[in-house]
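Here the sequence shown stands for residues 8 to 504, numbered as in the working numbering. All C-beta atoms, glycine included, are put in the ideal place defined by N, C-alpha and C. Working notes for the structure below.
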Amino acid sequence: GAVPLLVIAFSGLAWLLDGARSHWAAFATGWWFGSGFFAAGLYWVRQAFLVDPEQFAWLIPFALSALAAGLALFTGLAAWLAAVLSHPGPQRGIALAGTWTMSEMVRGTLFGGFPWNLLAYAWTGVDAMMQPAAVVGAYGMSLLTVLVATAPAALTALADPGEAAWATRGVGWGAAGLLLVLWGAGVGRLGLAGPVATQPMVEGVRLRLVQPNTPQSLRWVPELRARHFLRQIEMSVSPGSDKITHVIWPETASAFSLDWHEEARRLVAKAAPPGGAVLTGVLRTTPPVLKPVQFWNSLMAIDHEGSVVAFYDKAHLVPFGEFVPLRNLLPLPKITIGSTDFSSGPGRQTMHTPSLPPVSPLICYEVIFPGAVVEQSGHPQWMLNVTNDAWFGLSAGPHQHFASARWRAVEQGIPLVRVAVTGISGVVDPYGRVVESLGLGVAGVRDVSLPVALTRPPPFARWGNTLAAVLDVVCLGAALALKHWRQRNKSMVPSRS
Numbered sequence: 008g009a010v011p012l013l014v015i016a017f018s019g020l021a022w023l024l025d026g027a028r029s030h031w032a033a034f035a036t037g038w039w040f041g042s043g044f045f046a047a048g049l050y051w052v053r054q055a056f057l058v059d060p061e062q063f064a065w066l067i068p069f070a071l072s073a074l075a076a077g078l079a080l081f082t083g084l085a086a087w088l089a090a091v092l093s094h095p096g097p098q099r100g101i102a103l104a105g106t107w108t109m110s111e112m113v114r115g116t117l118f119g120g121f122p123w124n125l126l127a128y129a130w131t132g133v134d135a136m137m138q139p140a141a142v143v144g145a146y147g148m149s150l151l152t153v154l155v156a157t158a159p160a161a162l163t164a165l166a167d168p169g170e171a172a173w174a175t176r177g178v179g180w181g182a183a184g185l186l187l188v189l190w191g192a193g194v195g196r197l198g199l200a201g202p203v204a205t206q207p208m209v210e211g212v213r214l215r216l217v218q219p220n221t222p223q224s225l226r227w228v229p230e231l232r233a234r235h236f237l238r239q240i241e242m243s244v245s246p247g248s249d250k251i252t253h254v255i256w257p258e259t260a261s262a263f264s265l266d267w268h269e270e271a272r273r274l275v276a277k278a279a280p281p282g283g284a285v286l287t288g289v290l291r292t293t294p295p296v297l298k299p300v301q302f303w304n305s306l307m308a309i310d311h312e313g314s315v316v317a318f319y320d321k322a323h324l325v326p327f328g329e330f331v332p333l334r335n336l337l338p339l340p341k342i343t344i345g346s347t348d349f350s351s352g353p354g355r356q357t358m359h360t361p362s363l364p365p366v367s368p369l370i371c372y373e374v375i376f377p378g379a380v381v382e383q384s385g386h387p388q389w390m391l392n393v394t395n396d397a398w399f400g401l402s403a404g405p406h407q408h409f410a411s412a413r414w415r416a417v418e419q420g421i422p423l424v425r426v427a428v429t430g431i432s433g434v435v436d437p438y439g440r441v442v443e444s445l446g447l448g449v450a451g452v453r454d455v456s457l458p459v460a461l462t463r464p465p466p467f468a469r470w471g472n473t474l475a476a477v478l479d480v481v482c483l484g485a486a487l488a489l490k491h492w493r494q495r496n497k498s499m500v501p502s503r504s
């Protein structure tokens with residue numbers, strides 16, 4: 008449902024840029040456009056400040072305004088550069104496609120990156136339109152989306168004197184044709200893959216996904232921690248568990264440091280099937296005797312004997328959630344419990360757990376970064392995303408997070424398993440299709456099989472964002488070339504006296 012809105016919005020942006028009287032006016036247009044785009048798309052961030060309203064509610068208007076205004080600087084620069092590279096007219100969409108995508112790539116990298124709500128994700132509801140991401144990735148699909156969304160502006164643009172009308176309209180019709188090509192290619196790819204129900208599954212693996220649906224306001228209440236912990240164990244061994252090989256809990260499912268809490272590990276072991284393991288999110292710490300204590304947001308695998316057989320420490324931490332940037336200059340508390348910043352892990356790793364294919368672990372929003380979700384040399388056969396979206400209630404945030412995760416499966420050609428505290432949990436096949444899911448705000452378990460990874464990795468898995476960057480350079484170069492071509496043609500038209 009978002010695609011028609013994008014067509015209206017981006018055609019409108021192209022028209023507004025055509026009417027801008029200066030490059031700085033174009034920047035202002037892009038900044039205001041981006042402010043609205045991000046304020047509407049990220050409104051749900053306020054939910055996190057309401058978990059502890061006495062301490063953080065006063066920050067809501069300032070935080071949302073600053074977030075939208077700051078992110079809008081990227082769209083302002085995109086609009087400014089589009090105005091520099093192109094004259095008013097049908098080629099504006101080409102320039103805007105290149106500059107907008109460049110802004111998304113920079114936004115996804117600078118200061119740790121925040122590639123949330125990429126334009127490509129507007130196609131999440133159309134499985135066929137997700138498939139080109141196997142080649143060009145989400146950034147590449149954002150570029151193609153802008154080309155399509157600005158087609159009406161190109162089709163209604165007026166030709167300059169001396170310029171054939173069909174040439175100017177060619178940009179618009181070309182973008183419309185591009186949409187059909189992308190859709191046709193996606194339909195063909197899914198047709199060759201076959202229906203979801205016929206996809207091969209990994210033999211001898213049966214996963215139980217545990218979604219406790221514990222409200223964030225109750226998760227860390229001291230007198231309730233043991234109850235939450237034991238409830239997850241009960242859910243793990245509920246009827247049907249005799250066929251399960253591995254149990255997966257969400258992010259920070261254990262309030263106890265399983266490194267040093269032997270009794271807690273012994274209890275977790277009761278939920279681990281023989282020969283399998285419980286994979287759980289946990290706060291990992293340095294030994295209690297060492298001061299100061301360090302904390303990691305981790306994923307840990309515990310076997311049926313209570314031994315830690317593998318672990319992964321989150322590397323991409325959330326600013327102001329898990330650490331405060333420039334802490335010495337910004338006297339602000341982090342939103343999560345405790346005053347100590349989390350430590351970051353060494354980076355992408357492939358985790359090896361008994362009786363499971365090698366997996367790329369992703370904690371929380373680590374899954375939103377295109378091209379940065381697997382360790383290439385580790386050859387993982389699936390991705391596991393454990394997360395806690397309880398911070399954002401029943402808002403659009405968890406849905407946007409899950410949508411982003413689906414695109415990583417298409418890009419890498421490997422399945423993704425997602426387990427969230429309050430949802431959305433589920434299994435996504437290598438084509439980005441949802442095989443199983445447990446909805447938002449529901450407590451329960453899902454017993455699922457693990458889809459087999461594609462035999463041959465797609466181009467994106469080998470080249471990453473390179474093809475998207477090449478497309479971006481081509482768009483920017485084409486816009487600049489068309490600008491010079493139009494200038495030359497106009498200079499050759501005799502003036503009328």
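How is residue i classed by DSSP in three states: helix, strand or coil?
i: Q218; result: strand
i: R425; result: strand
i: I251; result: coil
i: F44; result: helix
i: E382; result: coil
i: P294; result: coil
i: D454; result: strand
i: L61; result: Correcting the residue identity first, residue 61 is Glu in this sequence and not Leu. Correct three-state label for E61: helix.
i: R213; result: strand
i: V10; result: helix
i: V52; result: helix
i: V289; result: strand
i: G433; result: strand
Rounded to a whole number of angstroms, what is the C-alpha to C-alpha distance between residue i and residue j?
i: P364; j: A141; result: 22 Å
i: V209; j: D436; result: 12 Å
i: P458; j: G433; result: 12 Å
i: T252; j: H359; result: 15 Å
i: H206; j: A183; result: It is worth fixing the name first, because residue 206 is Gln in this sequence and not His. Going by the C-alpha atoms only, they are around 33 Å apart.
i: P299; j: G193; result: 53 Å
i: Y50; j: E312; result: 45 Å
i: V381; j: G119; result: 17 Å
i: E61; j: A397; result: 18 Å
i: V393; j: I370; result: 5 Å
i: F81; j: G198; result: 38 Å
i: D59; j: V325; result: 18 Å
i: L565; j: T116; result: Residue numbering for the chain in the displayed model covers 8 to 504; residue 565 lies beyond these limits and cannot be assessed.
i: L489; j: V316; result: 59 Å
i: V455; j: R238; result: 20 Å
i: A64; j: P222; result: 17 Å
i: G446; j: Q218; result: 10 Å
i: Q54; j: W492; result: 51 Å
i: A27; j: S93; result: 12 Å
i: F376; j: A160; result: 31 Å
i: F236; j: G43; result: 41 Å
Going by DSSP, what residue range makes up the alpha helix (DSSP H) through residue i?
i: I240; result: R232 to S243
i: L274; result: E269 to A276
i: V417; result: G404 to Q419
i: V316; result: Here V316 belongs to no alpha helix (DSSP H); instead the beta strand (DSSP E) covers V315 to D320.
i: W130; result: W130 -> no alpha helix (DSSP H), and no H or E assigned at all.
i: T152; result: A140 to A156
i: W123; result: Taken as a continuous stretch (DSSP letters only), W123 belongs to no alpha helix (DSSP H), as it is neither H nor E.
i: T394; result: No alpha helix (DSSP H) holds T394; the beta strand (DSSP E) holding it covers W389 to T394.
To the nearest whole angstrom, what separates the beta carbons of residue i and residue j, a pair I think is in contact under 8 Å?
i: L216; j: V452; result: 6 Å
i: L391; j: V366; result: 5 Å
i: T152; j: L13; result: 7 Å
i: A70; j: V52; result: 7 Å
i: G430; j: P405; result: 6 Å
i: A90; j: A33; result: 4 Å
i: W123; j: G83; result: Between G83 and W123 the Cβ distance is about 18 Å, and since that is not below 8 Å, they are no contact.
i: I240; j: K277; result: 6 Å
i: R114; j: L150; result: In fact, because the Cβ distance is near 14 Å, the residues do not count as touching under 8 Å.
i: R464; j: G420; result: Residue 464 is actually Pro in this sequence, not Arg. Right, their Cβ atoms sit about 5 Å apart.
i: H30; j: W87; result: 6 Å
i: L265; j: V289; result: 5 Å
Following the continuous beta strand (DSSP E) through residue i, name the residue where it begins and the one where it ends.
i: V442; result: V441 to L445
i: W107; result: Per DSSP, W107 belongs to no beta strand (DSSP E); it is in the alpha helix (DSSP H), R99 to R114.
i: G448; result: Note, G448: premise wrong, no beta strand (DSSP E); not H, not E.
i: S367; result: V366 to I370
i: T360; result: Counting along the chain, T360 falls outside any beta strand (DSSP E), and DSSP gives it neither H nor E.
i: F302; result: F302 to D310
Determine whether the Cβ of residue i lies closer than 8 Å to any Cβ atom of chain B.
i: P229; result: Of the protein chains in this structure there is only one, and it is not chain B.
Nearer than 7 Å: is that true of the beta carbon of residue i relative to any heavy atom of the ligand ZN?
i: V212; result: As for the ligand ZN, it is missing from this structure, which has no ligand bound.
**Report entry** Whole runs of the alpha helix (DSSP H) within the region 456-489, excluding any shorter than 4 residues
**Finding:** 466-470
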